[in-house]
Structures are given as structure tokens and as C-alpha cells.
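A.B. asks:
Residue numbers (my numbering), protein chains in the order written: chain A, 15 to 371; chain B, 3 to 367.
Written out as C-alpha cells, the structure reads:
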């Protein structure tokens, strides 16, 4: 027994030793790339590279972060770059934002995007410390010369799905599930409620917040409550929390719900999440062109120079946000298109914050 | 608990956690091999990248700082026989109150403001934990369930305060002023602007104080005695109620101080939380790895800091996806948590040895 254990230790120790030796060799060759501060002219594989740091939702949240990452991958492909030209750094806790950004700075990307308002302070700090490095922030504004801010008129797209929900509800009651309450999600709530009320003020909108962008279990719980209380359509603006909303809806439909339930997706086309045995319950999705915006901003930087210090706002008119036709009825889709025209023409102005009650 | 006591010798105390860590790494390596990733490259990315750069060493130590406090907090209650799973909520309570105080009195001199903010965080964390202690002492409710519930209560209250009191419907408060800054210029310069701060030194002091308190004072002795055998302690004239509340109070105080240091030192503000801060639950793992020994907790915090910061390098330098990196970390934590199994086998071996020794030498033990 003792000898066995001793052998085990020996194996373990030699493995560690081996690993340590390996580490030494490789780090010598690798360290040239990590020389800091002259990142702009040391890119090797592609002549222009992008990095992104996710917020807590993670890169596979099927909405916000994923949309950004997909956009970057498409961008690399369009420009004929290999996969190495783009990379993401995942944050599992807010304390990882700054180290992740610094890791990206060390790796020497041309532009590093912080995806999500949660990264505002982190991007500001790291941008001030690295004035020669270009950064981008999504859904927030950082007023530094080396940061470009990308913002979206989410309220406009949310208004349109609100119109769609109002034209589709059978029970005259719809639900809204937000992620973490705050200025960004306020835009979704305000737009959605306004859109619903513009069609029929008598429709009740049940607004609830999950206080999370990552906890699908809470999403499912809230959705269960809303459906039980008589809502038949739920719009979620809550990142990965929404996965739970889809789970609850498909469960109920598959076990033979009396009313036909729908979910409205957010940020990217979430039609695939609405698949169930008897069809698809994704009514529509409000689209947020995080990926598109990153592509446009990156291409402009590559060709014309960095738009540092600017706040680029993408709305319906700029094709930065939009809606999918999804499984809407003919009537609902026509109404949505009319509303879209009206917003682009300026006939309808969608509020950015919910009306205080 | 009794098992911990049995291992008096320093060496055998060290073998258990080290074996756990080693097994964790080996298991992680097997997992990575099974899924077609190169474990050597991955571990190299994880360890070398951290130690190569003063910045990431600083960040690892910064993370270790908060974990030391939460780890000590958990260990203290654990020594008294309580499972304070509410560390995360107490840390959050400490965080929000320290930031609140620092924002409310920005003009106090720096040393006063930092000290007072930390003390406020400490007290609020302690009071928050005392709720669970009080209910346990006088009504016999399970401190585990109560403190889990208090975690969520703390989370929601914190988010409410941020939105409605500390900011105007925003998602984060203002940064605290320069007078509440816990950083040292020389420390930042040394670590290339990492967020390592004075909290690290406070943590070292607290480790020493914790050791003195638990081993040299009557109150510390009583807490340990209650943990070892509550009935015997009561029979010896110690008040069970007093010790339950005291241990939860002190446990929460350490957690609250950890939260305050984390909040002021790492972020300098507080923002709406999507979940409980992970320094809470990682603190529990750290305490278990350190086997309740303050020095052990300090070093296991550093290990956790390095692992956490290092895991971030695995995806982009070794091609190991983030999920895999997390699984490897979790495997290490799992083996750390399962160290009872390792200790069980070590005990068996030791017992066998003793038997053979005493048989051949008729020896004394």
C-alpha cells in the first residue's frame, strides 16, 4: 500500500516536472508576442484582429454575446482572415472584466470590444491605462479618445414586437421578462409596453425582472408564473435567462396547453429555441445587430481609421435593429411593417424609459 | 472535525491538501486528454502566463485577498460546528455598506475613511450573519437554510439600494472618491497597474489575529469546544447560545470585511448583481482546502487566485474551451472537497504502519 502510494506520488511529481519543463521552453518562444504597448504593429497572422470580452452571460448565451461573437466570425470570414483574427474572452464574474481586457491587450488585438454595459467601468479604466490601444463598448458610452461606443435603439425593435404581441394575443394579457433592471433593459420594457398599448390600451402587460442575465432557472420560474396567470405571449430581454422561458413554453405546449403560448426572442433570431413537437412557438424576435455594428465599425476602422470618442447609434433606420417575421399572422406582420415605416419616418417616437406609474 | 484534530503533525496536515490538489490536476489532465486537448499546454498556459507577468500575479493575489477573508469567515463558523453557507450574502452586505459609507463621507481623511468604511462593512456583515445565529440559538432553526435565504435577501436588497438609493435608477453607483482608494502607488507600479491593494496586508494581519484568537483566547477555545462536542461544552458551563451567536457574528464579520475589501479595493463602487459574488462560495472551498488552518487558508486562497486568473488563459493560448477550463477547476475543487477520502486512506496506511511498528518494536506512540 505504501509503495503504491509512493509510486503514485512519483508519477504525479514527474508529470508536474515535465509540465514545468515544457512550460519553460514554450514560454520563451511565446513571450515575444506579449511585449506590451506596441500592439498595433505586431499582428502577425492577419493584418487586423478583433478581440471581445463577454459579460456574465457568456459567449453561448444564444442572444447578446453570441450575436457579437457570430458577427466577429462573419467579419473574419468576409475579410478572408483565419479564425485567429478574432477571439473572445469569457467573464464568469464582474471581477474578471479588467483582467480579461488586459489579457486581450497583451495578446495585441487591434480593437477590443467590451460587450455589455456591465463592462463600462472596466473598459474606461483599461482604456485610460492603454491610450494607444483601441477599444469598443457595446450598450454604453465611454468618453475616451481610444474608445468607440456602439449603441442601439432597442426600444424601436421592442415597440415593433409589442405591436406583434398585441395583434397576436388571445387572452389580452402579455408578459415581459427583463434581465437586470437598468437603463439598457428599460429601453426594451418601454418600447414593448408602448408598442402593445399603441394597438390596444386594455391589454395587460405583466412586467417582471429576473435580476440576472445568466440564470435560466429563474427565467423558467417567472415564465411559469406568467403563463399560469393567463398571459399567452412573453417577450424576454434577459440574455441566457430567456432559455428558461423557452423551456417552460415548450414544456407546456408539449403537455397540451389549452391556450396557444408564444415567446418573443431577443437580440438574435431565436426561432430555433421555439421548436417543439407540434411546431414552433417563437412568435418573432427583436433583432439587435451587435455583430453587424461590430462589423461595420471594424471595417471603417480598418479602411478609414478609428472612430475614437464617437458614439455610434444604430436604430431601425440604420438597420441596426429589426424584427423577424417569425410565425406572425399576416395581419400582425402588416401592422408591424406599418409601425416600422412610421418610426423610420419619425411619425412615432418610442420612449427610452418606462413611464413611471 | 475530529479528524482535523487528530492530525497534529505539520507534515501530515500538509499531505492531504497537496494530494488533493495533485489528484485534481491529474484528473483534469485525464479529462482534457479524453476530449482531445493537450493538458500540458493547458496547464502551462494557466500557470506560466500568470507567473510570467507581474500584472497577473497582482490580480491573482488581489483575488486571493478577498478569498482569505471569506475563507476564514467560513472556517470560524465551521470550527464551532456551523455551516455558514451565507458567506456570499454577508460579503455582499459588507460590500454595499462600505461603498455606501465611502460615498456618503467622501471628505474624511483617507486613512479614516478607508478604516471606517471597512469597519462598517465588517459590522453589517456580522449583523447579517447574526440573524442566522440568533434564530439558530433561540429557535433551533437550521443556520444552513436561514443563511441561504439571507443570501437572496441580501442580493435583492443590495440591487434595490443601488437602483433607488445609491444611484438614480442606474446600474452602478459612482466610484468612491480618492480618499477611499485602497491602492498604493508603489504596489500598482510593482504589479503593472493591477488592482492589488492594502487589503492584501490586512488579510495577512487578519490571518495572524485569527490564529491568535482561536488558539490563545478563551472565547476561541470555547468556540472550538462547542464545535467538538456541544453537549460536553454545555456541561462544562459554556453557554451554547452565546457561542452560536458569537461564532456566526465573527464569521459574518470576516465575510463582511472581505466584501468591503473586495468592493473598495477591486471595484471602487457597487453595481447591480446578477448573482451572488463568487468570493462567497469560493471562500467555502478555500476554507475546506485549508482544513480550517488560517495559514492553510491563506495559501489555498492564493492557489484559487492563480487557478481562476490562469483559467482565463486556457481558451486563447491552449485552445481549451472556457467550459473545459471551468470543469478542470471544478475537478480540482472537487478533489479538494473530497479530501476526506484521501485522509481516510492516509489514516488507514498510518494505522497499518503503527500496528506493524508496535508489533515489531513493542513501541510507544
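For every residue, glycine included, the Cβ atom is placed at its ideal position computed from N, Cα and C. All values reported here derive from a predicted model rather than from experimental measurement.
Rounded to a whole number of angstroms, what is the C-alpha to C-alpha distance between residue 75 of chain B and residue 210 of chain B?
C.D. replies: 14 angstroms
A.B. asks: With 16 other CB atoms within 10 Å as the buried threshold, where does residue 112 of chain B fall?
C.D. replies: Here residue 112 of chain B is exposed, its C-beta having fewer than 16 other C-beta atoms within 10 Å.
A.B. asks: Quick one: residues in its chain with C-beta nearer than 6 angstroms to the C-beta of residue 223 of chain A, no 5 flanking neighbours on either side, listed in chain order?
C.D. replies: 192 and 195
A.B. asks: Would you tell me roughly how many angstroms separate the C-alpha atoms of residue 198 of chain B and residue 97 of chain B, rounded to the nearest one?
C.D. replies: Rounded to whole angstroms, residue 198 of chain B to residue 97 of chain B spans 17 angstroms at the Cα level.
A.B. asks: What did DSSP end up calling residue 101 of chain A once you bin it into helix, strand or coil?
C.D. replies: strand
A.B. asks: Which chain B residues sit within Cβ distance under 7 angstroms of residue 245 of chain A?
C.D. replies: Per Cβ cutoff of 7 angstroms: no residues; residue 245 of chain A is ~23 angstroms from chain B at best.
A.B. asks: Please say whether residue 198 of chain A and residue 153 of chain A have beta carbons closer to each other than 8 angstroms?
C.D. replies: It is a contact, given that the beta carbons lie within the stated cut-off.
A.B. asks: Taking any Cβ of chain A, which residues in the stretch 272 to 305 of chain B have a Cβ under 9 angstroms from it, in chain order?
C.D. replies: 273, 274, 275, 276, 277, 279, 280 and 281
A.B. asks: DSSP state of residue 223 of chain A, grouped into three classes?
C.D. replies: In this structure, residue 223 of chain A counts as strand in the three-state DSSP scheme.
A.B. asks: For a cutoff of 8 angstroms on Cβ pairs, would you count residue 141 of chain B as touching chain A?
C.D. replies: Chain A, which has no Cβ nearer than 8 angstroms to the Cβ of residue 141 of chain B, makes this no.
A.B. asks: Considering just the uninterrupted stretch of the beta strand (DSSP E) at residue 169 of chain B, what are its terminal residues?
C.D. replies: Element bounds for residue 169 of chain B: n/a, residue is neither H nor E.
A.B. asks: What does the alpha-carbon distance come out to for the pair residue 316 of chain B and residue 284 of chain B?
C.D. replies: 20 angstroms
A.B. asks: Taking the C-alpha atoms as reference points, what is the distance between residue 363 of chain A and residue 253 of chain B?
C.D. replies: Cα-Cα distance, rounded: 54 angstroms.
A.B. asks: Answer yes or no: do residue 115 of chain A and residue 128 of chain A have a C-beta to C-beta separation smaller than 8 angstroms?
C.D. replies: In contact: residue 115 of chain A and residue 128 of chain A (Cβ atoms closer than 8 angstroms).
A.B. asks: Considering just the uninterrupted stretch of the alpha helix (DSSP H) at residue 10 of chain A, what are its terminal residues?
C.D. replies: Since the first residue of chain A shown is 15 and the last is 371, residue 10 of chain A is not available in this structure.
A.B. asks: If you measure from the beta carbon of residue 243 of chain B to each beta carbon in chain A, is any gap under 8 angstroms?
C.D. replies: no
A.B. asks: Only counting the same chain, and skipping five residues up and downstream in sequence, which positions put a Cβ closer than 6 angstroms to that of residue 3 of chain A?
C.D. replies: Outside the shown range of chain A, which is 15 to 371, sits residue 3 of chain A, and nothing can be said about it.
A.B. asks: Is it true that the CB of residue 258 of chain A sits closer than 8 angstroms to the CB of residue 237 of chain A?
C.D. replies: yes
A.B. asks: Which runs of the beta strand (DSSP E) fall wholly inside the stretch 327 to 361 of chain B and span at least 3 residues, in chain order?
C.D. replies: none
A.B. asks: Should residue 309 of chain A be labelled buried (16 or more other beta-carbon atoms within 10 Å of its own) or exposed?
C.D. replies: buried
A.B. asks: So if DSSP puts residue 191 of chain A in a beta bridge, which residue, or which two residues, is it bridged to?
C.D. replies: A/222 and A/250
A.B. asks: Within a Cβ cutoff of 8 angstroms, which residues of the same chain sit near residue 99 of chain A, ignoring the five residues on either side of it in sequence?
C.D. replies: 59, 60, 62, 63, 64, 90 and 93
A.B. asks: Determine, using beta carbons only, whether residue 135 of chain B and residue 215 of chain B come nearer to each other than 8 angstroms.
C.D. replies: no
A.B. asks: For a quick check, are the C-beta atoms of residue 182 of chain A and residue 342 of chain A less than 8 angstroms apart?
C.D. replies: Yes, these two residues count as a Cβ contact at 8 angstroms.
A.B. asks: Looking at residue 321 of chain B: is its Cβ nearer than 8 angstroms to the Cβ of residue 51 of chain B?
C.D. replies: no
A.B. asks: Could you pull the DSSP bridge partners for residue 276 of chain A from this structure?
C.D. replies: A/247
A.B. asks: What's the gap between the Cα of residue 306 of chain A and the Cα of residue 256 of chain A?
C.D. replies: 22 angstroms
A.B. asks: Could you list which residues in chain B have their beta carbon closer than 7 angstroms to that of residue 226 of chain A, in chain order?
C.D. replies: 276 and 277
A.B. asks: Could you give the residue range of the beta strand (DSSP E) that holds residue 240 of chain B?
C.D. replies: Premise fails: residue 240 of chain B is in no beta strand (DSSP E) and is neither H nor E.
A.B. asks: Take residue 257 of chain B and list the residues in its own chain whose beta-carbon comes closer than 6 angstroms to its own, dropping the five residues that flank it on each side.
C.D. replies: Only 72, 75, 89, 92, 93 and 127 meet the Cβ criterion.
A.B. asks: Can you name, in chain order, every residue of its own chain whose Cβ lies under 8 angstroms from the Cβ of residue 302 of chain A, other than the five neighbours on each side?
C.D. replies: 78, 81, 166, 168, 171, 280, 281, 282, 334 and 335
A.B. asks: Helix, strand or coil for residue 58 of chain A, going by three-state DSSP, please let me know.
C.D. replies: Residue placement at residue 58 of chain A is flagged as unreliable, the pLDDT there being 43, under the threshold of 50; a coordinate-derived value is accordingly withheld.
A.B. asks: Apply the 10 Å Cβ neighbour rule to residue 164 of chain B and answer buried if 16 or more other Cβ atoms are within range, or exposed otherwise.
C.D. replies: buried
A.B. asks: Excluding the 5 residues flanking residue 312 of chain A on each side, which residues of the same chain have their C-beta closer than 7 angstroms to its C-beta?
C.D. replies: 64, 89 and 125
A.B. asks: Straight-line CA distance for residue 214 of chain A to residue 356 of chain A?
C.D. replies: 17 angstroms
A.B. asks: Enumerate in chain order the residues of its own chain whose CB-to-CB distance from residue 87 of chain B is below 6 angstroms, with the five nearest sequence positions on each side excluded.
C.D. replies: 146, 149 and 150
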